[in-house]
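Trainee: Chains as they are written, first to last, in the UniProt record's numbering: chain A, 1 to 621; chain B, 1 to 621. Think of the CB as a built atom: it goes at the ideal place given N, C-alpha and C, for glycine as much as any other residue. Input: one structure, supplied below.
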C-alpha cells in the first residue's frame with residue numbers, strides 16, 4: 001500500500017473526515033478539495049523534498065560569520081511549501097487561509113515528513129502563528145501571525161536554556177520594561193515593550209536566511225520590585241522577539257534586534273534544520289547604536305509581551321499540543337519512510353532459500369528475502385507500528401477539529417480525550433517508529449549500515465523525537481501524574497468508554513473477537529495499575545514507574561486503534577478479498593499476538609509500586 | 001564501580017579464574033601476572049585509544065588512489081597494541097605467547113573496546129591466526145600465523161560477497177589450480193596453490209597500511225570437472241590469499257598479489273576500521289606481469305589451500321565461535337562506555353527537583369539528575385544489561401578455557417554449553433547493549449543528541465553488531481533450528497542443569513529466593529516452548545518465531561547470570577555492607593522485576609507456533 005492509499009483509507013473509510021464538511025466552517029469543502037490538497041503536497045514532496053534528503057544530511061548548516069548557510073535545495077523546498085499555501089491552510093478565508101480541517105492538513109503534511117523531515121524549517125511557524133492567533137493582540141496577529149502564515153517570516157519557540165531543559169522553572173532570561181524611549185513602553189502598539197537578556201538553547205530553525213525575518217516566541221521572567229526573578233513557572237512571561245525590528249505595517253525598519261546566533265548544534269541527525277544557541281541582548285546588535293529606531297533606554301533585545309505577565313507558560317501550552325502531535329507525526333513518517341525502503345529492498349533482494357521439510361535445496365534459485373518468515377516479521381512489525389501510529393495521530397487531529405467546531409459536548413469530550421492521548425501521540429511513535437527504523441536497517445543487512453541506503457539516516461533522524469518537546473520521562477510524568485488524574489479521572493474514563501465501544505463492536509466480528517477480549521482485559525489491567533500506583537497517594541510511589549506505565553498505556557491505545565481500524569476494514573470487506581483488508585487485519589493480529597502481551601511486564605512494576613530503581617543507592621552505580 | 005573493579009569481581013570472586021593456574025598450561029600464572037596484563041591494557045587503552053575515539057569517527061578512512069589513508073592515531077594505537085603482546089597472549093611460549101587463559105585475555109581486551117572499538121583493526125588477526133593454528137600446515141603456521149601473532153601482518157576473514165551475505169552457499173568466487181609454474185601447484189610448500197577470482201564484500205580491515213602485509217582467509221569454490229561450481233556450502237574451500245606474496249621464510253617477495261580494493265564502505269558508525277569490497281584476480285595487480293615470482297599459468301590471485309577441499313566452512317567455524325564472543329564483547333563494551341558517560345553526566349548535571357508530598361518547591365536548588373527515579377531506572381537498566389552481558393561473555397570465555405585445558409568430561413560439557421550459549425553471547429548484547437546506548441543518549445537529553453558528547457557515536461557504532469558475524473535472524477535459526485536440538489537436546493539439558501543448580505543455591509538466600517522461583521518457572525516455560533515449537537516436526541512452524549524464541553532464551557540466560565552473580569556477591573557479603581554488593585543485588589532485582597517478565601510475551605508466539613507473520617501475504621504489505 002502506498003502512503004496515499006493508507007491515508008485515504010484512514011481519512012475516509014475510518015475517520016469519515018468528509019462528515020466535517022457538514023460543519024459551517026468546512027462547508028465549502030468536499031472530497032475533491034481534500035484530494036487536491038493531498039495531491040499537491042504529494043507532488044511537492046516528491047519533487048522538492050525527497051531527492052534532497054541525503055544532501056541536507058551531508059551539507060550540514062554552517063555559519064559563515066555573517067549568516068547561516070544552507071543548501072539551495074532547502075530554500076527551494078521552503079519556497080515550494082510556502083507557495084502551496086499549506087502554512088495557512090487551516091486559517092480563516094479572511095486571513096488568506098482555506099479553512100481546511102486540521103485532520104486533512106496533518107495528513108497532507110505527512111508527505112513532507114516522509115520525504116525529508118529535516119529539510120523543512122517551517123513546521124514551527126504555523127504553531128507559533130496559531131499561538132498568536134489565540135493569545136496575541138489584534139495588531140500582533142496582523143503584523144506577526146499573518147506574515148508567518150504567508151511564509152514571509154518564520155517562527156520559533158524559545159523555551160530551553162543551557163541550564164534549563166526539562167526544568168523550565170529555572171530559566172534566567174530576564175525581561176525589563178523598555179523605558180526611556182519616545183514611545184512609552186506600556187503603550188507600544190505592538191505590545192508592552194521589554195528588553196530581554198539571556199541565552200536560549202535548542203532553538204529549532206533559530207537562525208537562517210530562508211525568510212525575510214524570524215519571529216521568536218521567547219519565555220522570560222520579569223524581575224520583581226527587588227530585581228529578583230520569581231522562582232518557579234509562575235514568574236514566566238511570553239514575548240515576541242523579532243530578529244529584525246518591524247513597524248506596525250509589518251515592514252522591516254532596517255534595525256537588527258539584538259538576537260545573535262551563539263552556536264549551531266551539531267547533531268546526530270535531523271541535520272537539515274538548524275538548531276541553535278541564541279543570545280538575546282548581549283550587545284552584538286545593539287539596537288540603540290543603530291540609527292532610526294524609536295527604541296531606547298538600556299541594552300537588551302526588544303520584546304513585546306504576549307498575553308498577561310506571568311502567564312507565559314499557559315500561552316505556550318496552546319502551541320505545545322499541536323507541537324506534540326507534530327512530533328508524533330514526524331516520528332511516524334520517519335518510520336514509514338524506513339518501512340517503504342525496507343519493503344522495496346525485501347521485494348528485490350534475492351538471498352537464501354525457503355526452508356522445506358528436507359532443509360534447503362542449494363540447487364534452487366535464491367528467493368526474494370520478503371519470502372523469509374523473519375523478514376516478514378520485521379516488515380509486519382514496521383507496518384503495524386507505523387500505520388498504527390499514523391492512525392493515532394489522525395485520530396488526535398480529528399479530535400482537534402472536534403474541539404474547534406463541534407457542539408459543546410463534543411468539544412468537552414475532545415478536550416478531555418486529547419489531554420489523555422497527547423502524551424501517547426507524542427511518545428509512542430517516537431519509541432516504536434524508531435524501533436521500526438532499526439528493523440528497516442536489519443532487513444537491509446550490511447547494506448542498511450551503509451550511507452548508500454537511506455535507512456540509517458531515518459534511524460538517526462528519529463532518535464530526536466524521544467527527546468524534544470518534552471522527553472519520554474516528562475510525557476510519562478504528565479500522563480500518570482496529571483492527565484489520568486485530572487477532573488477525577490474523567491479523561492481516562494472517557495477513553496475507556498471509547499475503547500469499550502470498539503471492544504463491543506469487534507466482539508461480534510469472528511476474526512476479531514479474541515482480540516476484543518484481550519483488549520478488554522488489558523484495559524482493566526491498566527485501570528487497576530492506575531489505582532494501585534496511586535493507592536498510597538504518594539507521588540514518588542506512583543511516579544517511580546511512570547515510563548513503564550506510559551509504555552503499557554501506549555500499547556493499549558495502539559491495540560485499540562488497530563482493533564478499530566480492522567473492524568472498519570472488515571465492515572467494508574467481510575470476505576477479506578482486498579489485500580488492504582488482509583493488511584489491516586494482519587496488522588491487528590500481529591499487534592494483539594506479538595505486542596499487546598508486553599503490557600503485562602510493564603504493568604507489573606506499576607501495580608506493585610516497585611521501588612527497585614527509585615531506591616537504588618546512587619553510589620552503587 | 002569502574003570497569004576494572006567489575007572485571008576483578010567477575011574474574012576472581014565469581015569465576016574463580018585463578019583456579020585455572022592449577023592446570024599445566026597456566027601454571028606459571030598467578031594473580032599478579034593477570035593483574036599486570038589488565039593494568040597494561042587499561043593504560044594503553046586510556047592513552048592511545050580513548051583520546052582518539054571521536055577523531056577516527058570524523059576522519060573516516062579514504063583511498064587516495066594508491067593506498068588507504070588512516071589517521072596517525074590509528075597507527076599509534078595499533079603499534080601500542082602490538083607492543084603489548086596481546087595478539088599472541090594466549091599462545092604457547094614457543095610461539096612467543098604467554099599462555100594466558102582466554103578468559104583473562106578477553107577481560108584485558110575489554111579495555112580497548114570500551115575506549116575505542118573502531119580504532120582497532122587487529123581484532124580479526126588473532127582469530128585468523130588461531131584458525132591457521134588449528135587447520136594449517138606446519139609451514140602455514142610458521143609463515144602466516146606466527147607473523148600475525150607478532151603483529152607484523154594483519155588478518156581478515158573473506159566470506160560474504162555482494163550477492164551472498166547470510167547465504168554463503170551462493171558465493172561464486174572460483175579457485176582453480178595454478179598450473180604451468182615451475183613449482184607444481186600441488187607441491188607448493190605454502191600449500192596447494194590456486195588462482196582465485198571473485199569479489200568479497202564487507203571485509204573488515206580489508207585494506208590498510210598498518211602492517212607490512214595482510215593475510216586474507218578467503219572462502220571460494222573449486223569448480224568440478226565440468227568447470228561448474230558445486231551448489232551449496234559443501235563445495236566451499238578455504239584459502240590463504242596474502243596481499244603481498246611471501247616466500248617460505250616469511251619474507252616479502254616484492255610481488256603484489258592480485259587483491260585490489262574496489263571500494264570502502266561508508267558506514268553509519270564503527271568508522272575507524274575500514275570495511276571493504278575486495279576484488280580478487282581481476283588483473284589490477286597481475287602476478288604474472290610482475291618479475292621475479294615462481295608463479296605462472298593463468299590470471300587470478302594466488303591462494304594456498306587450508307585444510308581439505310570442500311571443508312572450508314567447517315574450518316571457518318573454528319574462527320566464528322571466538323569471533324561471536326568477540327562481537328558480543330564489543331557490543332557489551334560499547335554499552336558500558338555509554339553507561340559510564342551517562343553516569344558521569346547524571347552525577348554532574350543539575351536539573352529539576354525531587355518530588356515531595358506537595359509537589360516541587362521551586363525555591364529549592366536543583367538536584368543532580370541522578371536523583372530522579374526515571375534517570376535511575378535508565379541507569380540501572382544500562383548497568384544490568386551491560387554488566388550482565390559482560391558476565392556472560394566472560395562465562396563463555398571460561399568455557400573456552402575448559403574446552404582447551406579441562407579433563408575429557410569438562411571438555412565435552414564446555415563444548416556443548418558453548419554451542420547453546422554462543423548465539424546468545426553474540427545476539428543478546430548486540431540487542432540490549434544497543435538499547436543501553438539509546439538510554440545513555442536519553443539520560444543526556446538534548447546534549448546526548450549532539451556530537452559534543454560521545455554517546456551518539458556509541459549508539460551508531462553498536463548498531464553494527466546485530467548485523468555482522470551472522471545477523472540476529474541467523475543466530476536465532478542457529479539456536480532454535482540446530483543448537484537446542486543437537487545431540488538430542490543434550491546442550492539444552494546441560495544448560496538447564498546449570499541453571500537449576502543456581503536456582504537451588506539461590507533458593508536458600510532470602511534476598512534471592514523469589515528470583516530463584518521465577519527463574520525456575522521461566523526455564524520450564526522455555527523448555528515447553530521448545531517442545532511446542534517442534535511438536536509438528538515442521539521446520540517452518542518452529543522457525544517462524546525463532547527471533548522471539550532467542551529473545552526469551554537470552555533473557556532467561558541473563559536472569560540466570562544475574563542470579564548467580566548476586567548469589568556470589570551475597571555469599572561474600574551477606575549483610576550487603578559494600579556498595580558493590582548492593583549494586584549486584586540491585587541489578588539482579590531490576591532484571592527479575594523489569595526484564596524477565598518480558599519472556600512471557602515472546603514465548604507465547606513460539607508456543608502457539610504463531611503463523612501471523614509467516615503467512616502474511618507479501619502483496620499486502
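Starting from residue 108 of chain B and walking both ways along the alpha helix (DSSP H), at which residues does that stretch end?
Mentor: To locate residue 108 of chain B, count along the second chain from 1; it is residue 108. Taken as a continuous stretch (DSSP letters only), the alpha helix (DSSP H) holding residue 108 of chain B covers 102-116.
Trainee: In whole angstroms, what is the alpha-carbon distance linking residue 526 of chain A and residue 505 of chain A?
Mentor: In the first chain, counting from the first residue as 1, residue 526 of chain A sits at position 526. In the first chain, counting from the first residue as 1, residue 505 of chain A sits at position 505. The straight-line gap from Cα to Cα measures roughly 21 Å.
Trainee: Taking only beta-carbon atoms, is residue 267 of chain A less than 8 Å away from chain B?
Mentor: Reading the first chain from its first residue, position 267 is the one you call residue 267 of chain A. With 8 Å as the cut-off, residue 267 of chain A counts as an interface residue toward chain B.
Trainee: Tell whether a beta-carbon distance below 8 Å holds between residue 309 of chain B and residue 237 of chain B.
Mentor: Here residue 309 of chain B is taken as the residue at index 309 of the second chain, counted from 1. Here residue 237 of chain B is taken as the residue at index 237 of the second chain, counted from 1. In this structure, residue 237 of chain B lies closer than 8 Å to residue 309 of chain B by Cβ.
Trainee: Residue 549 of chain A: which of A/94, A/451, A/476, A/426 sits nearest, CA to CA?
Mentor: Here residue 549 of chain A is taken as the residue at index 549 of the first chain, counted from 1. The candidate whose alpha carbon is nearest that of residue 549 of chain A is A/476.
Trainee: Quick check: residue 379 of chain B and residue 443 of chain B, are their CB atoms within less than 8 Å of each other?
Mentor: One-based indexing of the second chain puts residue 379 of chain B at position 379. One-based indexing of the second chain puts residue 443 of chain B at position 443. The answer is yes: Cβ separation under 8 Å.
Trainee: Going along the chain, which residues of its own chain have a beta-carbon closer than 7 Å to the beta-carbon of residue 486 of chain A, five neighbours each way excluded?
Mentor: The residue labelled residue 486 of chain A in the question sits at position 486 within the first chain. If we look at residue 486 of chain A and ignore the five residues flanking it on each side, its Cβ neighbours are 419.
Trainee: Closer than 8 Å, Cβ to Cβ, to anything on chain A: give me those residues from the segment 130-149 of chain B, in chain order.
Mentor: From the segment 130-149 of chain B, no residue has a Cβ closer than 8 Å to chain A.
Trainee: Classify residue 441 of chain A as helix, strand or coil using the three-state DSSP reduction.
Mentor: Position 441 of the first chain, counted from the first residue, corresponds to residue 441 of chain A. DSSP places residue 441 of chain A in helix when its eight states are reduced to three.
Trainee: Looking at chain A, is there any beta carbon in it that lies within less than 8 Å of the beta carbon of residue 593 of chain B?
Mentor: Here residue 593 of chain B refers to the residue found at position 593 of the second chain. It does: the Cβ of residue 593 of chain B has a partner Cβ on chain A nearer than 8 Å.
Trainee: Considering Cα atoms alone, identify which of A/467, A/376, A/306, A/611 is closest to residue 139 of chain A.
Mentor: Position 139 of the first chain holds residue 139 of chain A. Measuring from the Cα of residue 139 of chain A, the nearest candidate turns out to be A/306.
Trainee: Might you give, ordered along the chain, the residues of its own chain that have their beta carbon closer than 7 Å to the beta carbon of residue 345 of chain B, omitting 5 neighbours on each side?
Mentor: Numbered from 1 along the second chain, position 345 holds the residue referred to as residue 345 of chain B. 443, 444.
Trainee: From this set, A/25, A/352, A/337, which residue's C-alpha is nearest residue 453 of chain A's C-alpha?
Mentor: Taking the first chain and counting its residues from 1, one reaches residue 453 of chain A at position 453. Minimum Cα distance to residue 453 of chain A is reached at A/337.
Trainee: Of all Cβ atoms in chain B, is any one closer than 8 Å to the Cβ of residue 441 of chain A?
Mentor: Taking the first chain and counting its residues from 1, one reaches residue 441 of chain A at position 441. Yes, residue 441 of chain A lies at the interface with chain B (some Cβ there is under 8 Å from its Cβ).
Trainee: In terms of residue numbering, what span does the alpha helix (DSSP H) encompassing residue 242 of chain A cover?
Mentor: Within the first chain, residue 242 of chain A is the residue found at index 242, counting from 1. Looking at the DSSP string, residue 242 of chain A is not in any alpha helix (DSSP H); the run it does join, the beta strand (DSSP E), is 236-242.
Trainee: If I measure Cβ to Cβ from residue 582 of chain A and keep anything under 8 Å in the same chain, skipping five residues before and after, which residues do I get?
Mentor: The residue you call residue 582 of chain A lines up with position 582 of the first chain. Once the five neighbours on either side are set aside, the close Cβ partners of residue 582 of chain A are 576.
Trainee: Quick one: residues in its chain with C-beta nearer than 8 Å to the C-beta of residue 623 of chain B, no 5 flanking neighbours on either side, listed in chain order?
Mentor: Not covered by the structure: residue 623 of chain B. The range shown for chain B is 1 to 621.
Trainee: For residue 92 of chain A and residue 99 of chain A, what's the separation of their Cα atoms in angstroms?
Mentor: Residue numbering aside, residue 92 of chain A sits at position 92 when the first chain is read from its first letter. Residue numbering aside, residue 99 of chain A sits at position 99 when the first chain is read from its first letter. So the two alpha carbons sit approximately 5 Å from each other.
Trainee: Using only the alpha-carbon positions, how far apart do residue 602 of chain B and residue 529 of chain B sit?
Mentor: On the second chain, residue 602 of chain B is found 602 positions in, with the first residue counted as 1. On the second chain, residue 529 of chain B is found 529 positions in, with the first residue counted as 1. Distance between the alpha carbons of residue 602 of chain B and residue 529 of chain B: 10 Å.
Trainee: Measure the C-alpha to C-alpha separation of residue 428 of chain A and residue 474 of chain A and round it to an integer number of angstroms.
Mentor: Here residue 428 of chain A refers to the residue found at position 428 when the first chain is read from its first residue. Here residue 474 of chain A refers to the residue found at position 474 when the first chain is read from its first residue. Roughly 13 Å separates the two Cα atoms.
Trainee: Using only the alpha-carbon positions, how far apart do residue 174 of chain A and residue 201 of chain A sit?
Mentor: The residue given as residue 174 of chain A occupies position 174 in the first chain. The residue given as residue 201 of chain A occupies position 201 in the first chain. For residue 174 of chain A and residue 201 of chain A, the distance between alpha carbons rounds to 15 Å.
Trainee: Residue 278 of chain B by DSSP, collapsed to three states: which one?
Mentor: Position 278 of the second chain holds residue 278 of chain B. Correct three-state label for residue 278 of chain B: strand.
Trainee: Taking its Cβ as the centre, do 16 or more other Cβ atoms sit within 10 Å of residue 440 of chain B, making it buried, or is it exposed?
Mentor: Your numbering for residue 440 of chain B matches position 440 in the second chain. It is buried - the Cβ of residue 440 of chain B has at least 16 other Cβ atoms within 10 Å.
Trainee: Smallest Cα separation from residue 363 of chain B: which of A/230, A/42, A/518?
Mentor: In the second chain, residue 363 of chain B corresponds to position 363, counting from 1. The shortest Cα separation from residue 363 of chain B among A/230, A/42, A/518 belongs to A/230.
Trainee: Which of the three DSSP states is assigned to residue 292 of chain B in this structure?
Mentor: Residue numbering aside, residue 292 of chain B sits at position 292 when the second chain is read from its first letter. Low confidence applies here, because residue 292 of chain B scores a pLDDT of 49, under 50, leaving its location unreliable; read the following figure in that light. Here residue 292 of chain B sits in coil by DSSP.
Trainee: Can you give me, in chain order, the residues of the segment 378-394 of chain A that have a beta carbon less than 7 Å from any beta carbon in chain B?
Mentor: Within the segment 378-394 of chain A, the residues whose Cβ lies closer than 7 Å to some Cβ of chain B are 379, 380, 383, listed in chain order.
Trainee: Would you say residue 618 of chain B lies against chain A (beta-carbon separation less than 8 Å)?
Mentor: The residue given as residue 618 of chain B occupies position 618 in the second chain. Chain A contact via Cβ: present.
Trainee: Is the segment 388-400 of chain B touching the segment 549-563 of chain B in the sense that three or more CB pairs, one from each, lie closer than 8 Å?
Mentor: They touch, by the three-pair rule.
Trainee: By the 10 Å Cβ neighbour count, where 16 or more other Cβ atoms means buried, how is residue 462 of chain A classified, buried or exposed?
Mentor: Walking along the first chain from the start, residue 462 of chain A turns up at place 462. By the 10 Å Cβ count, residue 462 of chain A comes out buried.
Trainee: Which class does residue 466 of chain B belong to by DSSP, given the choice of helix, strand or coil?
Mentor: Taking the first residue of the second chain as 1, we reach residue 466 of chain B at position 466. If DSSP states are grouped into helix, strand and coil, residue 466 of chain B belongs with the helices.
Trainee: Can you name, in chain order, every residue of its own chain whose Cβ lies under 6 Å from the Cβ of residue 503 of chain A, other than the five neighbours on each side?
Mentor: On the first chain, position 503 is the one that residue 503 of chain A refers to. So the qualifying residues of the chain are 516, 519, 520.
Trainee: Nearest CA to the CA of residue 38 of chain B: which residue from B/109, B/73, B/2, B/30?
Mentor: What you label residue 38 of chain B is simply residue 38 of the second chain in a count that begins at 1. Selected option, being the one with the closest Cα: B/109.
Trainee: What would DSSP say about residue 430 of chain B, mapped onto helix, strand or coil?
Mentor: Reading the second chain from its first residue, position 430 is the one you call residue 430 of chain B. Of the three classes helix, strand and coil, the one that applies to residue 430 of chain B here is helix, per DSSP.
Trainee: So if I threshold CB-CB distances at 7 Å, which residues from the segment 546-562 of chain A count as touching chain B?
Mentor: For the segment 546-562 of chain A, which is checked against every Cβ of chain B, the residues closer than 7 Å are 546, 547.
Trainee: Which of the three DSSP states is assigned to residue 14 of chain A in this structure?
Mentor: Reading the first chain from its first residue, position 14 is the one you call residue 14 of chain A. It is helical.
Trainee: What does the Cβ neighbour count give for residue 292 of chain A, buried or exposed, with the cut at 16 atoms within 10 Å?
Mentor: Translated into positions along the first chain, residue 292 of chain A becomes position 292. Summary for residue 292 of chain A: the model assigns pLDDT 49, below 50, so the residue's position carries little reliability, and this model does not support an answer.
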